[in-house]
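Chemist: Structure in structure tokens, see below.
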Amino acid sequence: PFKDIFQLTLDQIHHLRVRRELNTSQIIYLSSQQSLFKGRIQVQNSKKVFFKAEEHEKLITRPNSITLLACPIKSDLYQLVIQKAVELGVDRIIPLISEFTQGKDYKKKYHSLHKTIELACSQSRQVQCPTLLDPIKISELYTCDIENFIVSDWQSSSRTFPTLSKSSSIGLLVGPEGG
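Residue numbers (our numbering): 12 to 190.
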């Protein structure tokens with residue numbers, strides 16, 4: 012047994028209107044519980060729209076957990092980094108504060124980053140949106156519960172990646188230019 016009727020949020024209704032799918036016969040709904048539903052839209056009024064599921068499928072998760080640890084940079088560029096990381100399938104995003112971080116006033120941008128994550132999930136049809144965690148300092152990396160770190164180093168001559176176990180957690184470290 013699964014919940015078969017969902018009330019859509021105003022953002023979801025707007026998204027369906029823009030894509031001209033509000034009157035479509037069948038759509039796919041991805042829930043945050045890693046489930047895929049196929050069903051139909053039931054419009055009650057302009058602000059109350061429901062999705063009635065007709066089919067349900069539990070999706071398989073990958074064994075690796077990928078965390079992006081990226082230093083905030085100028086707002087529009089950081090949102091682009093977050094958007095692309097979400098589209099590529101990261102599980103967690105942790106803003107990393109370093110000596111050269113430009114976006115130290117991170118809390119003001121927190122809401123817009125959540126919106127960027129939601130839109131990127133929708134765009135790439137991700138089943139589960141990554142978790143946006145509070146920023147940490149480089150000295151606090153040991154608290155992240157990550158087994159393997161891959162560090163972005165444009166000056167390195169090595170272009171090989173470490174061999175990872177099938178169930179490992181991976182941290183991708185990306186710092187600001189010069190940091």
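The C-beta atom is built at its ideal place from N, Cα and C for all residues, glycine as well.
State the start and end residues of the unbroken beta strand (DSSP E) segment that holds K69.
Modeler: First-last of the beta strand (DSSP E) with K69: 59 to 69.
Chemist: Leaving out five residues before and five after F48 in sequence, what residues of the same chain have Cβ atoms less than 6 angstroms from its Cβ?
Modeler: Y40, A64, H67
Chemist: Taking the continuous beta strand (DSSP E) assigned at S76, which residues delimit it?
Modeler: 76 to 81
Chemist: What is the DSSP secondary structure of K49, reduced to helix, strand or coil?
Modeler: strand
Chemist: Compare the C-alpha of I161 against each of S179, K58, L124 and name the closest.
Modeler: S179
Chemist: Can you name, in chain order, every residue of its own chain whose Cβ lies under 6 angstroms from the Cβ of S135, other than the five neighbours on each side?
Modeler: Only E98 meet the Cβ criterion.
Chemist: Residue ranges of each alpha helix (DSSP H) run of no fewer than 4 residues wholly in the segment 100 to 148, ordered along the chain?
Modeler: The segment 100 to 148 contains these whole alpha helix (DSSP H) runs: 121 to 135.
Chemist: Contact defined as beta carbons within less than 8 angstroms: I believe I149 pairs with S76. What is the distance between those atoms, to the nearest angstrom?
Modeler: Going by Cβ atoms, the distance from I149 to S76 rounds to 21 angstroms, so no, they are not a contact pair.
Chemist: Should L152 and R103 be called a contact, given that it needs their Cβ atoms to be closer than 8 angstroms?
Modeler: At the C-beta level, L152 and R103 stay beyond 8 angstroms of one another.
Chemist: Is it right to say Q90 is buried, meaning 16 or more other beta carbons lie within 10 angstroms of its own, or is it exposed?
Modeler: buried
Chemist: With 16 as the cutoff for other CB atoms within 10 Å, does R31 come out buried or exposed?
Modeler: exposed
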